[in-house]
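Residue numbers for the sequence shown follow this note's numbering, so the first one is 1113 and each next one is one higher.
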Amino acid sequence: MSRRSSFGLALVAALSAGCHGAPPRTPAYSLPDAAPVAFSEPGEALAPSAWWSTFGDADLDGVVAHALEDNPGLAVAAARCRRAHALARLEGAARQPTLDGVGRAGASLARRRLGSGLETDGSVTAGLGLEAGYELDLWGRLRAAHDAARFEAVATRHDREAARVALAGSIAIAWVRRAATAEEAALLEEQLATNEDLLQVVQQRFDGGQAAAPDVFRQQQLVERTRAERARNAVERELLVHQLNVLRGRPPREPLPLGGALPQPGPLPATGVPADVLGRRPDLAAARARIAAADRDLASALADRAPRVRLGADLGIGGGDLEDLFREWAAALAYELVGPIADGGARDATVAAACALRDERIASYTDLLLASALEVEDALRGEALGQEVLERLERQHDFARQTVESLLGRYGQGAADYFEVLGAVESEQALARTLVAQRATLVERRVQLLRALAGPIAPGDTGP
């Protein structure tokens, strides 16, 4: 055995002893089972991936379709996804052999004294070569790093899907609120007309000496209050138009389809088995992928404590001039063994950090899973209890309307006091506006439920 071979074997033995042999296996992990056994309501109909289409509003479907194409936030998510996939390919390239081409050319000039004279020599050299290298992934470090990057790329793809679901939800909420403000605007016009008519009646009674001046002033105040509510409503409607335009990737003041009346929620969507339904959510899928990425990062960090073996090969041709370029050649094979002996605890710290990151992501996943179950359950109970509130408000409003009709008739006959009429009118009008708000709240609850249950939006599925 040559001295060089003996030295190489001794070096391998020393590095192996310093690195304590093969790295330990990555500690296994398990995902928490924090989903509820069942939701409070089973539901009826299975919602499509384009869940907003269940409201039956073609204008809403069109706005969402344009937003899914033009929203700049989705473009950001798509770019991040492309970048993550490119980085995954970059990590994968480290597992492949490398081959580089090398070209060399040089010239030298030497002058020396010979006797009483000087002699000058010059030479030109040229060469071409190939250099190859390959790291033997004995402990799976490169494979684990590649897997981690691939899982991170998968997570960014789920992030993009989650952004699409969130965007559709934001548009649906804003659309419902806009429809509610449009309904409230029509109601305020009716109430303003009623209050102005009542002002004429009070004014006529004052002119006839049958009412006091404060009655006129109070009715004028009610008229102005209603006009102020109308102005507030107009501002709110315009701001919602701005919001919807920006969500669909357009300037704030661009014209927007008028839309229909406040949509009806329809049958309750099927909630299914919580673990299965919530498992379809893109944000939870992204969280699971990031746990897997952290696990592979931990495996890579553990493997980094073991020696690395790299093979290399060189092949070159050269000569003193271009004619001799292919007359001389040389080849070399080499192996390189690198292993940590002392690093100040850097690799151990890297392993500890990777382990902590995996634990953090598992805990974050648990938190997100519980929050997702909370979203579904809150929306279910909020809609069920909100329906009861709506029914009681409707009965209350019926009584208030009958009270106003009765008092107005008596007031015209001089048998009722103006304060009674004013109180009844204010109560009825406030209840009417509350009814609109409560109906909008119920539809918003349905949007929140559909969004909480939603999986990825199928390609090309943007509504009927």
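The C-beta atom is built at its ideal place from N, Cα and C for all residues, glycine as well.
Keep in mind that this is a model prediction, so the values were computed, not measured.
field: CA-to-CA distance, Asp1212 to Ile1429, given in whole angstroms
entry: Their Cα atoms are separated by approximately 15 Å.
query: Where does the unbroken alpha helix (DSSP H) through Asn1345 begin, and where does it stop?
result: Where Asn1345 is concerned, the enclosing alpha helix (DSSP H) stretches over 1325-1359.
- request: Would you mind listing the beta strand (DSSP E) stretches within the stretch 1489-1560 that are 3+ residues and don't spill past its ends, in chain order?
  value: Correct list: empty.
field: Cutoff 8 Å; reference Ala1286; Cβ partners in own chain excluding five residues on either side
entry: Spatial neighbours of Ala1286 in its own chain (CB-CB distance under 8 Å, excluding positions within 5 residues in sequence) are listed in chain order as Leu1352, Gln1355, Leu1356, Leu1359.
Check whether Leu1414 and Thr1138 have beta carbons under 8 Å apart: In contact: Leu1414 and Thr1138 (Cβ atoms closer than 8 Å).
- request: Could you check if Glu1556 is buried or exposed, using at least 16 other CB atoms within 10 Å of its CB as the buried criterion?
  value: With 16 or more other CB atoms across the displayed protein chains lying within 10 angstroms of its CB, Glu1556 is buried.
- request: Please look up how many angstroms separate the CB atoms of Gly1501 and Gln1550, rounded, as I've assumed it's under 8 Å.
  value: Before going on, a small fix: residue 1501 reads as Val here, not Gly. Right, their Cβ atoms sit about 6 Å apart.
query: Per DSSP, which one or two residues make a beta bridge with Asp1426?
result: The partner list for Asp1426 (beta bridge, DSSP) reads Glu1243, Ala1444.
- prompt: Quick one: is Ser1152 buried, meaning 16 or more other Cβ sit within 10 Å of its Cβ, or exposed?
  reply: Counting other Cβ atoms within 10 Å of its Cβ, Ser1152 stays below 16 and is therefore classed as exposed.
message: Could you tell me which whole beta strand (DSSP E) segments of length 3 or greater appear in the stretch 1181-1228?
response: 1210-1226, all fully within the stretch 1181-1228.
message: Let's see if you can read the secondary structure: which residues bound the alpha helix (DSSP H) around Pro1160?
response: Where Pro1160 is concerned, there is no enclosing alpha helix (DSSP H), given that its DSSP letter is neither H nor E.
- prompt: What are the complete alpha helix (DSSP H) segments, minimum 4 residues, inside the stretch 1354-1428?
  reply: The qualifying runs are 1386-1391, 1394-1415.
field: Meets three-Cβ-pair contact criterion under 8 Å: the stretch 1402-1409 and the stretch 1281-1300
entry: The stretch 1402-1409, when compared against the stretch 1281-1300, does not touch it at the 8 Å Cβ threshold.
- prompt: Just checking my contact of Ala1275 with Leu1186 at CB under 8 Å: how many whole Å lie between their CB atoms?
  reply: Sure, about 6 Å apart at Cβ, within 8 Å.
message: Rounded to whole angstroms, what is the Cα-Cα separation between Glu1538 and Arg1563?
response: Taken atom to atom, the span from the alpha-carbon of Glu1538 to that of Arg1563 is near 37 Å.
field: Buried versus exposed call for Asp1525 [16 or more other C-beta atoms within 10 Å across all chains shown]
entry: Before going further, note that residue 1525 is Gln rather than Asp in the sequence given. Note on Gln1525: under 16 other CB atoms within 10 angstroms of its CB, so exposed under the neighbour-count rule.
query: DSSP state of Leu1121, grouped into three classes?
result: Caution applies to Leu1121, whose pLDDT of 47 falls short of 50 and renders its modelled position unreliable; the model cannot decide the point.
- prompt: Are Arg1417 and Glu1448 closer than 8 Å when you measure CB to CB?
  reply: Not in contact: Arg1417 and Glu1448 (Cβ atoms no closer than 8 Å).
message: Going by DSSP in three states, Thr1237 sits in which element: helix, strand or coil?
response: It is a strand residue.
message: Between Ala1325 and chain D, is any beta-carbon pair separated by less than 8 Å?
response: Given the protein chain composition of this structure (a single chain), no chain D is represented.
query: Of the choices Gly1498, Ala1536, Arg1507, Arg1522, whose alpha-carbon is the least far from that of Thr1515?
result: Distance from the Cα of Thr1515 is smallest, within the candidate group Gly1498, Ala1536, Arg1507, Arg1522, for Ala1536.
task: Assign Gly1457 to buried or exposed, taking buried as 16 or more other Cβ atoms, counted over all protein chains shown, within 10 Å of its Cβ.
output: Burial call: exposed.
Which residues DSSP lists as bridging Leu1449, in chain order: Under the DSSP definition of a beta bridge, Leu1449 partners with Val1421.
field: For Leu1248, three-class secondary structure by DSSP
entry: In the structure shown, Leu1248 sits in a strand (DSSP, three-state: E or B).
message: Does Glu1231 come out as helix, strand or coil in the three-state DSSP assignment?
response: Strand, per DSSP.
query: Thinking C-beta only, is Arg1337 closer than 8 Å to Thr1293?
result: Taking 8 Å as the Cβ cut-off, Thr1293 and Arg1337 do not qualify as a contacting pair.
message: Alpha carbons only, please: which of Glu1540, Tyr1477, Ala1159 is nearest the one belonging to Ser1518?
response: Restricting attention to Glu1540, Tyr1477, Ala1159, the CA atom closest to the CA of Ser1518 is found in Glu1540.
query: Are there three or more Cβ pairs, one per stretch, closer than 8 Å when the stretch 1198-1209 is compared with the stretch 1171-1187?
result: No contact exists between the stretch 1198-1209 and the stretch 1171-1187.
message: Using the three-state DSSP reduction, which class does Pro1462 fall into: helix, strand or coil?
response: Pro is not the amino acid found at residue 1462; the sequence shown has Thr there. Residue state, collapsed to three classes: helix.
message: Assuming contact is defined by CB atoms lying nearer than 8 Å, are Leu1565 and Ala1267 in contact in what I supplied?
response: No; because the gap between Cβ atoms is not below 8 Å, this pair is not in contact.
field: Spatial distance of Leu1486 from Arg1400 (CA atoms)
entry: Near 19 Å, if we compare the C-alpha coordinates of Arg1400 and Leu1486.
field: Same chain, Cβ closer than 8 Å to Ile1569, five either side skipped, listed in chain order
entry: Within the same chain, Ile1569 has close Cβ partners Ser1161, Ala1162, Leu1180, Glu1273, Arg1276, Val1277, Ala1280.
field: Helix, strand or coil at Ile1474 according to DSSP, with G and I counted as helix
entry: For Ile1474, the three-state secondary structure derived from DSSP is helix.
message: Does Phe1318 come out as helix, strand or coil in the three-state DSSP assignment?
response: Here Phe1318 sits in helix by DSSP.
task: Report the residue from Glu1503, Ala1544, Asp1409 whose alpha carbon sits nearest the alpha carbon of Phe1263.
output: Nearest neighbour of Phe1263 by Cα position, chosen from Glu1503, Ala1544, Asp1409, turns out to be Asp1409.
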